[in-house]
Amino acid sequence: MIDKVEVMHVILVTGPSGAGRTTAINFLEDAGFEAIDNVPLTLAPRLFDGSSLNRPLALGLDTRNRDFSINQMMDTIDELASNDKLKVEVLYLDCTVDMLIQRFSEARRRHHLSPDGVALAGILTDLELMQAARTRADILIDTTKLSPQQLHTQITKYFMLGSTKKLAISVQSFSYRRGVPRGIDMMFDCRFLRNPHWQKDLRDETGLHSDVQAFVSSDKNFLKFRNKILGLAELVIPAHQAEGRSYLSIGFGCTGGKHRSVTVAEIFRNDLQLNGWHVTIRHRELMVQSAQ
Numbered sequence: 075m076i077d078k079v080e081v082m083h084v085i086l087v088t089g090p091s092g093a094g095r096t097t098a099i100n101f102l103e104d105a106g107f108e109a110i111d112n113v114p115l116t117l118a119p120r121l122f123d124g125s126s127l128n129r130p131l132a133l134g135l136d137t138r139n140r141d142f143s144i145n146q147m148m149d150t151i152d153e154l155a156s157n158d159k160l161k162v163e164v165l166y167l168d169c170t171v172d173m174l175i176q177r178f179s180e181a182r183r184r185h186h187l188s189p190d191g192v193a194l195a196g197i198l199t200d201l202e203l204m205q206a207a208r209t210r211a212d213i214l215i216d217t218t219k220l221s222p223q224q225l226h227t228q229i230t231k232y233f234m235l236g237s238t239k240k241l242a243i244s245v246q247s248f249s250y251r252r253g254v255p256r257g258i259d260m261m262f263d264c265r266f267l268r269n270p271h272w273q274k275d276l277r278d279e280t281g282l283h284s285d286v287q288a289f290v291s292s293d294k295n296f297l298k299f300r301n302k303i304l305g306l307a308e309l310v311i312p313a314h315q316a317e318g319r320s321y322l323s324i325g326f327g328c329t330g331g332k333h334r335s336v337t338v339a340e341i342f343r344n345d346l347q348l349n350g351w352h353v354t355i356r357h358r359e360l361m362v363q364s365a366q
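If you count the sequence shown from 1, position 264 lands on 338 in our numbering, and the numbers rise without skipping.
Encoded structure:
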């Protein structure tokens, strides 16, 4: 049962059409939020006039809103965020252009911003209009490679209800060659550590293997690096939680995203879990390899 609270939790769910906003709204409703999609922007602040609602609220905002303009949308977000009776978080569902095109094609849907029926034109316009909202996001979820079930897991992780809720931490390894993942809050470069790629017996293994981890951790700078990042994490994580944040994303990068970053991410995840934090982990490049 969700207790009535003086400060109301409000999630503003936004993002380009096709990125999963409606699906996220439905998942939030399943999680106990009252959900309202496509509420007129000028009416949104009036929802909180008078008596308080006794459930947290998820509002869907996008370019299909009846009175949409990006300036009106940003004004609405700012007005709600300035209400001291509300705890407002902006959840932005992001997605690559190629995947949005694929989703519209598979669904055989016209894009509402493309009267001539060409999805690409509407998608590009949508992304441009939503850029200001993206920069305002408190939480950004890239749905490009997420299944509905994986999105459900992300939503559940970030928006667990209850007084015992603790900040959720996402740890991710990646390759700098393929770019920095979206939504990373803290990032550490592991390319100065010993590289197993140049060891024939380790090249085909990954940082999930104990012999690769032993090789990387034998670097003379590894222990100092490990202690420094753990010390920094133990300083900033409680501070972020005290500020009301519901999640923190921490990334570790190396050249190929296979050995050093995976090793450090695995060890760091274990360190945080031993200290009582809830941590999930994702190795981006290993997921790509397994999918090929």
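Backbone N, C-alpha and C define an ideal beta-carbon position, used for all residues, glycine too.
For residue i, which beta-bridge partners are listed by DSSP?
{"i": "G325", "result": "Q246, M261"}
{"i": "F213", "result": "It should be noted that the sequence gives Ile, not Phe, for residue 213. In DSSP, I213 forms a bridge with L165."}
{"i": "D111", "result": "G134"}
{"i": "V84", "result": "L131, V162"}
Exposed or buried, what is residue i when buried is set at 16 or more other beta-carbons lying within 10 Å of its beta-carbon?
{"i": "M361", "result": "exposed"}
{"i": "Q223", "result": "exposed"}
{"i": "G350", "result": "exposed"}
{"i": "K78", "result": "Reliability of the predicted coordinates at K78 is poor, the pLDDT of 43 falling under 50, and the value obtained from them is presented with this limitation in mind. Exposed, since its Cβ has fewer than 16 Cβ neighbours within 10 Å."}
{"i": "T209", "result": "exposed"}
{"i": "E340", "result": "buried"}
{"i": "L266", "result": "A quick correction: the sequence has Phe, not Leu, at residue 266. That one is exposed."}
{"i": "L102", "result": "buried"}
{"i": "P312", "result": "exposed"}
{"i": "Q246", "result": "buried"}
{"i": "A181", "result": "exposed"}
Whose C-alpha, out of the options, is nearest the C-alpha of residue i?
{"i": "F122", "options": "G106, V162, G92", "result": "V162"}
{"i": "A93", "options": "A313, L102, H83, V171", "result": "V171"}
{"i": "T199", "options": "S91, I215, P130, R95", "result": "S91"}
{"i": "H185", "options": "R177, I175, G196", "result": "G196"}
{"i": "D345", "options": "G305, G327, L117, K332", "result": "G305"}
{"i": "E202", "options": "G89, R319, G330", "result": "G89"}
{"i": "S188", "options": "R138, A206, Y232", "result": "R138"}
{"i": "A211", "options": "S179, E180, D158, M148", "result": "M148"}
{"i": "D111", "options": "R95, D104, F299", "result": "R95"}
{"i": "V81", "options": "L160, L220, F142, G330", "result": "L160"}
{"i": "R39", "options": "D158, L220, E317, I175", "result": "Since the first residue shown for the chain is 75 and the last is 366, residue 39 is missing from the structure and cannot be characterised."}
{"i": "N157", "options": "N301, R120, A206, A132", "result": "R120"}
{"i": "Y166", "options": "R183, A132, D190", "result": "A132"}
Can the beta-carbon of residue i be found less than 8 Å from the beta-carbon of residue j?
{"i": "T218", "j": "M261", "result": "no"}
{"i": "R343", "j": "V336", "result": "no"}
{"i": "P270", "j": "F289", "result": "yes"}
{"i": "L86", "j": "V164", "result": "yes"}
{"i": "L214", "j": "D168", "result": "yes"}
{"i": "I324", "j": "I243", "result": "yes"}
{"i": "C384", "j": "R177", "result": "Since the first and last residues shown for the chain are 75 and 366, residue 384 lies out of range."}
{"i": "L241", "j": "Q315", "result": "yes"}
{"i": "A98", "j": "I229", "result": "yes"}
{"i": "L297", "j": "V286", "result": "no"}
{"i": "R252", "j": "G331", "result": "yes"}
Consider the Cβ of residue i: report whether some Cβ of chain B lies at a distance smaller than 8 Å.
{"i": "G89", "result": "Going by chain labels, chain B is absent from the structure shown, which holds only one protein chain."}
In chain order, which continuous runs of the beta strand (DSSP E) of length 3 or greater are located wholly inside the stretch 306 to 356? For the stretch 306 to 356, whole beta strand (DSSP E) runs of length 3 or above, ordered along the chain, are 321 to 328.
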